[in-house]
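Data first, discussion second: the structure below is written as structure tokens.
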Amino acid sequence: MLFAGFKDEVTANNQETFLSRVRQLTFEGRRSGEGYYSTDGSKLIFQSERELGNPFYQIYTIDFKTGRTVRVSPGYGKTTCAFFHPNNQTVLFASTHHDLNAKTKQKAELDFRASGKQRRYSWDYDEMMDIFTANPDGSNLRRLTTAKGYDAEAGFSPDGGKIVFSSTRSAYGNDLTEEEKKLRDVDLSYFGEIYIMKADGSGQTRLTRSPGYDGGPFFSPDGQRIVWRRFNKAGSVAEIHTMKLDGSDLRKITSFKSMSWAPYFHPSGEYIIFASNKLGFSNFELYLVDALGLNEPIRVTERVGFDGLPVFSPNGLQLCWTSNATPEKQSQLFLAKWNHEAALEALGRAPKRKTEYVQSSSSVSEDDIKRHVAFLASDELEGRRTGSKGIRMAAKYIREQLVASGLEPLGSDDDSYDHTFEFTGGVELVKPDNKMILRGHTGEDHSFDLDKDFRPLAFSANGQIEGEVVFAGYGLTKPGKLGVGYNSYGDLKVKDKIVMVLRYVPEEISVDRRQELNRYAGLRYKALIARNNGAKALLIVTGPNSPNAGELAKLNFDTSMAGAGIPVVSISGEMGNSLVQFYGKSLKELQTSLDKENPHAVHGLSLPGIVLSIKTNIKRIRKKDSNIIAMLPPNEKTQLGDSSEYVMLGAHYDHLGLGETGGFGIKGEEGLVHNGADDNASGVAALLEMANYLASRRKIHPEEFKRGIIFSFWSGEELGLIGSARYAANPTVDLNQVIAYLNFDMVGRLRNNKLTLQGVGSSTRWKKLIERRNVLAGFDLTIQQDPYLPTDTTSFYPKGIPVLAWFTGSHKEYHRPADDPDTLNYEGIERITQFASNMVQDLVVESERPDYIKVEKTSQGGSRDAIRVYLGTIPDYASEDVKGVLLSGVRGGAPADKAGVKAGDIIVFFAGKEITNIYDYTYALDAVKVGKPVTMEVLRKGKRIKLKITPGTR
686 MLFAGFKDEV TANNQETFLS RVRQLTFEGR RSGEGYYSTD GSKLIFQSER
736 ELGNPFYQIY TIDFKTGRTV RVSPGYGKTT CAFFHPNNQT VLFASTHHDL
786 NAKTKQKAEL DFRASGKQRR YSWDYDEMMD IFTANPDGSN LRRLTTAKGY
836 DAEAGFSPDG GKIVFSSTRS AYGNDLTEEE KKLRDVDLSY FGEIYIMKAD
886 GSGQTRLTRS PGYDGGPFFS PDGQRIVWRR FNKAGSVAEI HTMKLDGSDL
936 RKITSFKSMS WAPYFHPSGE YIIFASNKLG FSNFELYLVD ALGLNEPIRV
986 TERVGFDGLP VFSPNGLQLC WTSNATPEKQ SQLFLAKWNH EAALEALGRA
1036 PKRKTEYVQS SSSVSEDDIK RHVAFLASDE LEGRRTGSKG IRMAAKYIRE
1086 QLVASGLEPL GSDDDSYDHT FEFTGGVELV KPDNKMILRG HTGEDHSFDL
1136 DKDFRPLAFS ANGQIEGEVV FAGYGLTKPG KLGVGYNSYG DLKVKDKIVM
1186 VLRYVPEEIS VDRRQELNRY AGLRYKALIA RNNGAKALLI VTGPNSPNAG
1236 ELAKLNFDTS MAGAGIPVVS ISGEMGNSLV QFYGKSLKEL QTSLDKENPH
1286 AVHGLSLPGI VLSIKTNIKR IRKKDSNIIA MLPPNEKTQL GDSSEYVMLG
1336 AHYDHLGLGE TGGFGIKGEE GLVHNGADDN ASGVAALLEM ANYLASRRKI
1386 HPEEFKRGII FSFWSGEELG LIGSARYAAN PTVDLNQVIA YLNFDMVGRL
1436 RNNKLTLQGV GSSTRWKKLI ERRNVLAGFD LTIQQDPYLP TDTTSFYPKG
1486 IPVLAWFTGS HKEYHRPADD PDTLNYEGIE RITQFASNMV QDLVVESERP
1536 DYIKVEKTSQ GGSRDAIRVY LGTIPDYASE DVKGVLLSGV RGGAPADKAG
1586 VKAGDIIVFF AGKEITNIYD YTYALDAVKV GKPVTMEVLR KGKRIKLKIT
1636 PGTR
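Following our numbering, the numbering of the sequence shown begins with 686 at its first residue and continues without gaps.
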């Protein structure tokens, strides 16, 4: 009579179709559940509350031949989720017996029950729960996990070499948002994620990164996939999913929009059994679904109450599950004979799923975007600086998402997503080769100490020189009459001398005057002026009246790595003072007279007989990093022409690290992680969502993809577009086959519905496509024609490729540590992503290729060379080890174009100045006049060519 509840309420078409000889297996104790077979089917391991004085589950085995039950776990603390190793000689389970408060918690629970109170059922995610292995008799107990947090719900792989489990350890990290911190206090299950490790506990690796509880994982019978259930963020809905062992190829198997959980594969691998409350909140029934989730699930049980945690025997002919179909309504284990043939027949008749099978979410998802940004802009990645550990973590994450979406690799090597490039990632002093010696002024040489008395700067030229020292005040030169201009050099003769100057600008001038002079006070500019005046080297000293008085300047990494052309060395205040003291002066006296711009102050001072020997050697550190390149290929049956064509999409995934380069260095923000949520985790998240959405679309409508799509994630953008420039120079697809490049950089701060589209002037096709798709998208658009932008489009437009860039505007958090995930408009990113995806679909399906327009000068800004005068040259900011300024192109109709300047030219002379780097060029541009022709000399294929160019204005 035990299962009368089942017999009275089921239809013969379901319950009795699949189950026969139903019986209760366990009786002892208050409750039992979660039974799993040994691989030979002779035993079952399960959890049960049956130890006197312990109100929590312990782990037991039951022998089907003898009926003997043996406790495996220690008997105290909490335990759950046991499983047999395939060799049947080892078991695993989760336990808190190592918790020093384990017995205290037992007493507290017993006292609560004794009070007569009752609590609603809720699983306990005890942070002391860890995974252990033992012999089936409980001996040889060994702990496998030690992380803070709930580690449980584990199972062995069929070969016994791996363990999959669920863990809440991410709840205890330091990178939680304020929202997540609040969630941690009320719902620890939200942080449950799937992990995998080796059977000995090593190699613990996280597989999922989705908001909401991921748990209950098991391996498929062939060991190639993992099945588990995923809750939504609110914890109200759970669906069954499968994935590969590396976390890729996510498949959503059910779409019940209810709590579907506890999935388990049949040994045949053809279907999955699970429990769901689709028919009522507390009414859990068993269901079957095919392994791919192509058809609607089939209901197995029909009894009001709880039936869940189903498990097949190794031969597939028996089912064990947990049910409260007992007189006490407490859960116990039940067994039944299983009809495999009937299950296959029923699944064959099942209707097709109404929700399409997808790799992850098939539509653009705000939740997925949040998930991407939360990881990419977390403190754990330390700002994703090019070449760093953090950016490698970001690259791994991006690859995982691309694999999960089913995109093909298109990197430098076959079967690789990585397009690797080298770059200069820093500098270091070659200490034995950096020397400074004062020659015999007092009868013998005196050597100064590196990093105490002197330190070469990062942009110093390497070499060895010797010369007399000349003091040149603040080392400033600004055009203009007395009171407006400034000239530290005047009649001072510095040719072939070593010039010593003060850092910064005069300390006691007005704010307006300071702003004027600051433009000419950069260390590079002071080095340029000294070099142009014939100096052999430059010494820079921080005067006693200045901030950081007497301190050496830092060896800051300079992203351009262009040398100054002469040795440039920071010296200590003590050393600077000792040099001028030979002539009865003090640095304090000299600086104080200059700080008030006293016209009678000593601006320059020759120091005859003070001879220094300087040797500098700075090593440029070469590093490697990778762009991540993936592809959706065109449909071979519908592609256009004999050779494939592609639409290329891009977003840079690097940022500023701790603000070492590119950060503003605002007081109080030094050394803080620059997470770069908007710049550019937002663009990467949008591109990942587009990849997933378009890949899903291609599965359903392959005929639409007449062109392929390349998804490119650039590194080195913050160092000067290095990654995209390297790819443009060494592409993995002929760029002639790329019909357009679309870029996503800072798309996370949509405000007042305003979206900027840049580069529209690069093709006449853009406005038509924008108009068509924005009717539905509904943005208040700002259209900018100029394709010369300070982002990765600049690497492709000069190659003859039309470009279009999405941008939501700058903000006060730009390049600061405050650019965090909680500042983004995620709904805005979702809308932008869908808008762009729709335009991409137009580009891949329409036969007409966007035309390329060479844009002439425009009144709209946006390019990097937006300086007062206008030449229209486009420097190659990624070039290294080039003396001069290499050009990647010139703007059509601009002064440079009219003068005959061409892409690939290296500017070495301009307006009477030798040009060795981009800074020389920028400063030289400041000195020329609009409309007055000047001479430019370029190296073209090794030949020096002289050109006449007339600067214009924008």
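Idealized CB from N, CA, C, for every residue including glycine.
Residue i in three-state terms, based on DSSP
| i | result |
| --- | --- |
| M1375 | helix |
| I881 | strand |
| H1025 | helix |
| S940 | coil |
| F1689 | What the structure shows of the chain is the stretch from 686 to 1639, and residue 1689 is not part of that stretch, so it cannot be assessed. |
| V1196 | helix |
| S852 | strand |
| K1631 | strand |
| E1345 | coil |
| A1414 | helix |
| Y761 | coil |
| P1483 | helix |
| P1012 | coil |
| A976 | coil |
| I1538 | coil |
| E734 | strand |
Strand pairing of residue i, partner residues [DSSP]
| i | result |
| --- | --- |
| T754 | I747 |
| E1153 | V1296 |
| A1336 | F1398 |
| C1005 | V996, L1020 |
| V1488 | Y1426 |
| E1030 | Answer is none; E1030 lacks a bridge partner. |
Under 9 Å between C-beta atoms of residue i and residue j
| i | j | result |
| --- | --- | --- |
| V1432 | D1363 | yes |
| A1215 | V1186 | yes |
| V1296 | R1124 | yes |
| F1429 | L1334 | yes |
| F997 | Y949 | yes |
| G886 | L829 | yes |
| T746 | V707 | no |
| F1492 | L1427 | no |
| A632 | Y761 | Outside the shown range of the chain (686 to 1639) lies residue 632, about which nothing can therefore be said. |
| P1319 | E1330 | yes |
| R1411 | L1325 | no |
| L1213 | G1261 | no |
| P1506 | A1062 | yes |
| E1374 | D1053 | yes |
| F1108 | K866 | no |
| I879 | I925 | no |
| A1157 | V1184 | yes |
| S1257 | L1237 | yes |
Residue burial classification, residue i (beta-carbon count within 10 angstroms, cutoff 16)
| i | result |
| --- | --- |
| A1139 | As written in the sequence, residue 1139 is Phe, which differs from the Ala given in the question. When all chains shown are included, F1139 counts as buried. |
| T831 | exposed |
| I1385 | exposed |
| D1100 | exposed |
| W808 | exposed |
| G1547 | Reliability fails at G1547, whose pLDDT of 35 lies under 50, so the model's placement of it is uncertain and the value that follows must be treated cautiously. By the 10 Å Cβ count, G1547 comes out buried. |
| T975 | It should be pointed out that residue 975 corresponds to Asp in this sequence rather than to Thr. Result: buried. |
| D1339 | buried |
| D1561 | buried |
| K1628 | exposed |
| Y1537 | buried |
Contact with chain B by residue i, beta-carbon distance below 9 Å
| i | result |
| --- | --- |
| S1255 | Within the model displayed, chain B is absent; a lone protein chain is all it includes. |
Exercise. Unbroken beta strand (DSSP E) runs of length 3 or more, entirely within the region 1072-1124: which are they?
Worked result: 1103-1114, 1120-1123
For this session: Tell me the start and end of each unbroken beta strand (DSSP E) in the region 1548-1628 that is at least 3 residues and wholly inside, in chain order.
Result: 1558-1560, 1570-1575, 1591-1595, 1619-1625
For this session: Mind listing, in chain order, the continuous alpha helix (DSSP H) runs of no fewer than 4 residues lying wholly within the region 1252-1308?
Result: 1258-1266, 1272-1280
Problem set entry | Contained beta strand (DSSP E) runs [length at least 3] in the region 1447-1477, N- to C-terminal order | 1465-1469
For this session: Would you list, in sequence order, the uninterrupted alpha helix (DSSP H) runs of no fewer than 4 residues that lie entirely inside the region 810-875?
Result: 863-871
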